[in-house]
Amino acid sequence: MLRPLLYQTFFTLGKREVSRFDRDAATPEATQSRHLLEIIERNAASAFGKKHGFSSIQSVRDFQNAVAINDYDSLSEYINRAADGEKGQLTVEDPFMFATTSGTAGERKMIPVTRSYIKEFRRASVVSGFNLLKSHPNLTKGIALSVFSPAEEGRTAGGIPYGAISGRLYMEEPKLIKRFISPIPYEVFIVKHYESRYYTLLRLALVLPVTVIYTLNPSTIVMLGKRLKTYGAQIVRDIADGAINPPQSLPKEVMDAIKPFLKPNPQRARELSRLLESDQFDARNIWPDLSLISCWTKAAASFYLQDLPEYFGSTPVADITYGASEGRGTVNLGEGRQALSIRSHFFEFVAVEDWESGNKKALLCHELEVGREYYILFTTSGGLYRYHINDIVKVVGWYNRTPLIEFLHKGGNISSFTGEKLTESQVTDAMLAAQKELNFKARFFTLIPVFRPEPHYELYLEFDGPAISDETLLASAFDRHLSRLNIEYEAKRESHRLADIKVVRLPADSYERLRKELVGQGVPDAQIKVSHLNPKSQIRQMIEEFGATAVSAMGSH
């Protein structure tokens, strides 16, 4: 069988890239400087390069002096011209697609993607994949169940496709990989009907030897676990008959793509029927060789990890590493360690306290300090130069002389309307602690600052299972844990500059309805990220339309 040979080939090739990474991790200053100058030299003749004197740049310091820190708005003129089909804007090598950011309840951005950028991105993927296989050798027994979004959602005025980079990376995989290791056809992920897409995904996956589930969002994985229970009996009948009966009929191109999976399989159907009859129809029994779940585990995503054991038992969970459409930030070293992806892009850092005081002096990776928090800047072969992605990361150690970093949260996601400076991480930790203390489970929650009639926070919450009958207990516990985690919040509560928290109970399935609504608006399902703190007004409006019930609840102060 070809699958073991493919895994062995990947392992051999991956070992070479790991050796290169280990070598360069010992000299990160030289590695980063070399990579930056390569990018500058290649793009000196681009419109951006000409304007900023790339041909005269000889060092990192020259680059920092010539190019200001950028964000999307400052580069949008070049991006828009490239999207209209104008050549040589940010890079000499023109983008072959634009990656759309998740854009949950906000304007979506178009990130230029070049072949050189894909090559950079894959270097980190190879190192991470090698270390996952090394740590979990049973992965080679089967296939990866990946969930991604369409690579092409539309085309720009210049005829260039735009969509999800996850879908594009899948499409770029060799045919043998797509056949034997990631065999779910791409066409499944372009099914627009929400329920039918996941019915189809599970119908195919239930006849495959899944050993790893790989997708960004843990809430997507939880949703798959729930859909197993919802659709299990019907899917088993489909497997026996060699049919597929999703809630909505599938387009012809999808049916053509999945036809090889639709052969009658009575033996597999009998196996699954026995699991249904014995109430053991869950992922850990359906796929006995399932060895790993790889998804986001940091920041707000960590809240949804508590739901995984219900559907996936004790299956190990590994962080999918820090990255975005704009670039790949880390590589997985195993044992929970993530090193800066120094062979992928050029990185700079500004200490959070310096940024907030107006001092934006950028540091290089070898100049960082363990325990400190930084804004991270990307320079990539896709045409982002000193790009402020608005992410805050923390240095947690070193690998050789290269920093180990951890994503914390978005920089703007801080609430401080009385000076309390609450972060999303603190809000998430407070909810996890309140759940443990009061023995309840939240399906979804978000904390919203409200100015009138006096400054206070409203906690919107959907219970998963039995609800707490007395919301005052919940408000008190949540408030107490926020105070423990943030002394400024505690001071503002004690001085009554912040009034009591109000609990707003959400009806059942609110989060699921919110996901469907966002997917219907074009947000890639796997990338839906509803903040646990201070969501945009659109999110609050949508939540309130679900019939939220406000309950006045006293805090502990």
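Per numbering that gives the first Met the number 0: the sequence shown = residues 0 to 556. The beta-carbon is built from N, C-alpha and C at its ideal position, and this holds for glycine as well.
Any non-hydrogen atom of the ligand HEM closer than 6 Å to residue i Cβ
| i | result |
| --- | --- |
| threonine 379 | Among the components modelled here there is no ligand, and therefore nothing to report on the ligand HEM. |
Contacting residues, own chain, Cβ-Cβ under 7 Å from residue i (five flanking each side not counted)
| i | result |
| --- | --- |
| aspartate 20 | For the record, residue 20 in the displayed sequence is phenylalanine; it is not aspartate. For phenylalanine 20, where only same-chain residues beyond five positions count, the Cβ hits under 7 Å are Val126, Val330, Arg342. |
| proline 3 | Thr139 |
| isoleucine 39 | Phe53, Ile56, Phe62 |
| tyrosine 230 | Tyr198, Leu201 |
| threonine 467 | Sequence inspection shows isoleucine at residue 467; the threonine mentioned does not correspond to that position. Taken in chain order, the residues that qualify are Leu437, Phe439, Leu473. |
| aspartate 306 | Val221 |
Whole-angstrom distance between residue j and residue i, CA atom to CA atom
| i | j | result |
| --- | --- | --- |
| arginine 15 | aspartate 278 | 46 Å |
| glycine 312 | glycine 153 | 39 Å |
| leucine 407 | serine 424 | 7 Å |
| proline 27 | arginine 196 | 44 Å |
| glycine 328 | aspartate 428 | 24 Å |
| threonine 210 | glutamine 63 | 46 Å |
| serine 218 | glutamate 252 | 28 Å |
| alanine 256 | valine 206 | 16 Å |
| serine 248 | threonine 199 | 10 Å |
| serine 324 | glutamine 266 | 42 Å |
| arginine 273 | glutamine 233 | 14 Å |
| threonine 471 | asparagine 389 | 36 Å |
| alanine 104 | glutamine 7 | Confidence at alanine 104 is low in this model, with a pLDDT of 41, below 50, so the placement of that residue should be treated as unreliable; the coordinate-derived value is given next. Taking the straight line joining both Cα atoms gives about 43 Å. |
| asparagine 42 | phenylalanine 9 | 32 Å |
| lysine 420 | tyrosine 161 | 37 Å |
| serine 32 | histidine 365 | 12 Å |
| tyrosine 373 | aspartate 237 | 52 Å |
| arginine 283 | glutamate 270 | 14 Å |
| glycine 102 | glutamate 276 | Any reading at glycine 102 is ruled out, since the residue's pLDDT is 47, under 50, leaving its predicted position unreliable. |
| leucine 458 | isoleucine 447 | 6 Å |
| glycine 333 | asparagine 130 | 6 Å |
| glycine 13 | serine 124 | 9 Å |
| threonine 99 | glutamate 493 | 44 Å |
| asparagine 533 | methionine 254 | 42 Å |
| leucine 339 | phenylalanine 188 | 31 Å |
| proline 184 | proline 245 | 16 Å |
| isoleucine 159 | methionine 96 | 6 Å |
| tyrosine 456 | alanine 498 | 8 Å |
| tyrosine 77 | lysine 409 | 25 Å |
| phenylalanine 443 | leucine 223 | 16 Å |
| threonine 155 | leucine 517 | 22 Å |
| aspartate 83 | phenylalanine 302 | 41 Å |
| histidine 480 | methionine 430 | 8 Å |
The beta strand (DSSP E) enclosing residue i, as first and last residue numbers
| i | result |
| --- | --- |
| alanine 490 | Element bounds for alanine 490: not the beta strand (DSSP E) but the alpha helix (DSSP H), 486–493. |
| glutamate 187 | Per the sequence shown, the amino acid found at residue 187 is valine instead of glutamate. No beta strand (DSSP E) holds valine 187; DSSP gives it neither H nor E. |
| proline 111 | 109–112 |
| asparagine 389 | 386–398 |
| tyrosine 71 | That residue, tyrosine 71, is in no beta strand (DSSP E); its alpha helix (DSSP H) goes 71–82. |
Buried or exposed (CB count within 10 angstroms, at least 16 for buried), residue i
| i | result |
| --- | --- |
| phenylalanine 450 | exposed |
| histidine 531 | buried |
| aspartate 469 | exposed |
| leucine 215 | buried |
| valine 503 | buried |
| alanine 25 | exposed |
| lysine 262 | exposed |
| asparagine 358 | exposed |
| valine 235 | buried |
| glycine 335 | exposed |
| serine 18 | exposed |
| threonine 11 | exposed |
| histidine 495 | exposed |
| valine 529 | buried |
| valine 369 | exposed |
| glutamine 337 | buried |
| aspartate 23 | buried |
| serine 551 | The predicted model places serine 551 with a pLDDT of 39, which falls under 50 and marks its position as unreliable; any figure quoted below should be read in that light. So serine 551 counts as exposed. |
| arginine 385 | buried |
Extent of the continuous alpha helix (DSSP H) to which residue i belongs
| i | result |
| --- | --- |
| lysine 225 | 217–240 |
| lysine 359 | Unbroken run through lysine 359: none, as it is neither H nor E. |
| glutamate 511 | 509–519 |
| leucine 367 | Run containing leucine 367: none; DSSP gives neither H nor E here. |
| histidine 344 | Looking at the DSSP string, histidine 344 is not in any alpha helix (DSSP H), and its letter there is neither H nor E. |
| serine 145 | Not the alpha helix (DSSP H): serine 145 falls in the beta strand (DSSP E), residues 142–145. |
| valine 426 | 423–437 |
| serine 6 | The sequence given here has tyrosine at residue 6, not serine. Per DSSP, tyrosine 6 belongs to the alpha helix (DSSP H) from 1–24. |
| glycine 166 | 164–170 |
| threonine 51 | Inspection of the sequence shows that residue 51 is occupied by histidine rather than by threonine. Unbroken run through histidine 51: none, as it is neither H nor E. |
| leucine 200 | 193–204 |
| threonine 30 | 27–41 |
Other residues of its chain near residue i: CB distance less than 6 Å, five sequence neighbours each side excluded
| i | result |
| --- | --- |
| histidine 135 | Ser290, Leu291 |
Contact set for residue i: own chain, Cβ-Cβ below 8 Å, skip 5 residues either direction
| i | result |
| --- | --- |
| proline 465 | Phe439 |
| tryptophan 397 | Val369, Leu403 |
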